[in-house]
Amino acid sequence: MLVDSPPEATTAPAPVHPRRRHLLRSVGLVAAVAVLAVIAVLGIAVGAKQIPLDQVWHGVFHYSGSDTDVVIRDVRFPRTLLGLIVGAALGLAGTVMQALTRNPLADPGVLGINAGASAAVVSAISFLGVTSLTGYVWFAFAGAAVVSVAVYVLGGTRGATPVRLALAGTALTAVLVGYINAVNLLDTATLDKMRFWTVGSLATATLPTVTGIAPFLAVGGVLALLIARPLNALALGDDQARALGARLTRTRVLAMVAVTLLCGGATAACGPIVYVGLMVPHAVRAITGPDMRWILPYSAVLSPVLLLGADILGRVVARPGELQVGIVTAVVGGPVFIYLVRRRRMAQL
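Quick note on the numbering used here: the sequence shown kicks off at 19 and runs consecutively.
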């Protein structure tokens, strides 16, 4: 007589020890910084004209005034620095927005914040004659803040869902982009000044531009990193966050100030660049898990990798011209956004 043998017991994978997890995350962050350093060097070396690495080193640290040194020091070096700080700003802003709204589709571009900053800057240039970065950066901050509040109100405030917020942001973006295009078409002087900026570009970067927005982005970045722990509590819901001692109003205010500084400064410097703050946090969560104390630093490092990589790609595929970085990120990020929306809808069925 045959007797069925009992099924073999299945054992769940052993949990990773917290110290080992911390070590793995630390090693991963160091590796991400190394990748960023490589991309930054490539950003200086690769372009319409290939420059050997020894000449890159000479142009950065031993400037002699040669044509190659001028290209490196006055064109590519500021461009790479701007890509580094703007990429970090967009990554941090996207991460904070996703945590604040508990909306995985949140992004400064998707929710219309970049478009709001752009509309304010275009208005300042066309109607008020403002032309300097230090002049219109304040308009960028104001536009970003106003649209942030408008999207939240149109999305239903307390009843806001990820899809509602995304739809509200898309609708406002469409209106603001139409306004920007109308102003540019009616005012050819503004169009000449803004034609590269409005698609998102690093091509006009200068050292004064970098030093002009760096303080704003630094303050916004520090604020974002300081509220990592309260954002972790906020992700559990308002009631549980209060039970854990989180100050919800203060956290939300600080988060909005950080996002406004980061998005306003980044948009003022190089125009609206979309999807960077959407794609990178999703990739980072697969590495770090849901802990904002790790997601924020990883996003600050890997977002410039994406932005500088897109900038390099735009320079390589369109030689001797170039595709602006905002176009490249939109081409890459659009399908990613559609995939994320479809996946969430399937999960809700």
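Cβ atoms here follow ideal geometry from the backbone N, Cα and C, with glycine treated the same way.
Treat the numbers as computed from the prediction; the structure is a model and nothing was measured.
Residue j beta carbon less than 8 Å from that of residue i
| i | j | result |
| --- | --- | --- |
| Gly-289 | Val-217 | yes |
| Thr-267 | Leu-252 | no |
| Gly-351 | Glu-340 | no |
| Thr-224 | Tyr-293 | no |
| Gly-61 | Gly-101 | yes |
| Gly-105 | Leu-326 | yes |
| Val-323 | Val-48 | no |
| Gly-295 | Leu-108 | yes |
| Val-78 | Arg-97 | no |
| Thr-227 | Leu-151 | yes |
| Phe-159 | Val-139 | no |
| Arg-94 | Gly-65 | yes |
| Val-354 | Met-297 | yes |
Anticipated Cβ contact below 8 Å, residue i with residue j, distance rounded
| i | j | result |
| --- | --- | --- |
| Gly-238 | Gly-196 | That belief does not hold up - the Cβ atoms of Gly-238 and Gly-196 are roughly 29 Å apart, past 8 Å. |
| Val-319 | Val-74 | About 22 Å separates the two Cβ atoms, so there is no contact after all. |
| Ile-231 | Ala-304 | Wrong, their Cβ atoms sit about 31 Å apart, outside the cutoff. |
| Ile-103 | Leu-235 | 5 Å |
| Ala-264 | Pro-248 | 5 Å |
Cutoff 7 Å; reference residue i; Cβ partners in own chain excluding five residues on either side
| i | result |
| --- | --- |
| Leu-272 | Leu-241, Ile-245 |
| Val-169 | Leu-129, Gly-130, Leu-183, Ala-186, Gly-187, Leu-190 |
| Val-343 | Gly-218, Ser-219, Leu-220, Ile-291, Leu-325, Ala-328, Asp-329, Gly-332 |
| Leu-314 | Leu-110, Thr-113, Ala-242, Leu-243, Ala-246 |
| Ala-30 | Summary for Ala-30: the model assigns pLDDT 48, below 50, so the residue's position carries little reliability, and this model does not support an answer. |
| Thr-306 | Arg-43, Trp-312, Ile-313, Tyr-316 |
| Ala-63 | Ile-69, Leu-71, Val-74 |
| Val-335 | Leu-341 |
Spatial neighbours of residue i in its chain, beta-carbon cut-off 8 Å, leaving aside the 5 residues before and after
| i | result |
| --- | --- |
| Ser-166 | Leu-129, Ile-131, Gly-134, Met-274, Val-277, Thr-278 |
| Ile-143 | Thr-149, Tyr-154, Thr-208, Lys-211, Met-212 |
| Ala-301 | Leu-320 |
| Arg-37 | none |
| Gln-258 | Ala-251 |
Sequence-distant residues of the same chain with beta carbon closer than 6 Å to residue i, five excluded per side
| i | result |
| --- | --- |
| Ala-124 | Met-115, Gln-116 |
| Trp-215 | Gly-289 |
| Gly-161 | Gly-134, Ala-135, Ala-137, Ala-138 |
| Leu-99 | Val-228 |
| Arg-337 | Ala-66 |
| Asp-205 | Ser-144 |
| Ala-163 | Thr-278 |
Residue i beta carbon near the ligand GTP (any heavy atom closer than 7 Å)
| i | result |
| --- | --- |
| Gly-105 | Looking at this structure, you won't find the ligand GTP or any other ligand, since it has none at all. |
Quick check: the segment 303-319 against the segment 191-199, are at least 3 beta-carbon pairs closer than 8 Å?
They do not touch, by the three-pair rule.
Cβ contact (3+ pairs, closer than 8 Å) linking the segment 72-90 and the segment 271-278:
Judged by Cβ distances under 8 Å, the segment 72-90 makes no contact with the segment 271-278, as fewer than three pairs qualify.
What residue ranges within the segment 203-267 form continuous beta strand (DSSP E) runs of no fewer than 3 residues, ordered along the chain?
none
Which whole runs of the alpha helix (DSSP H) in the segment 67-153 are 4 residues long or more, in chain order?
71-79, 85-88, 95-119, 131-146
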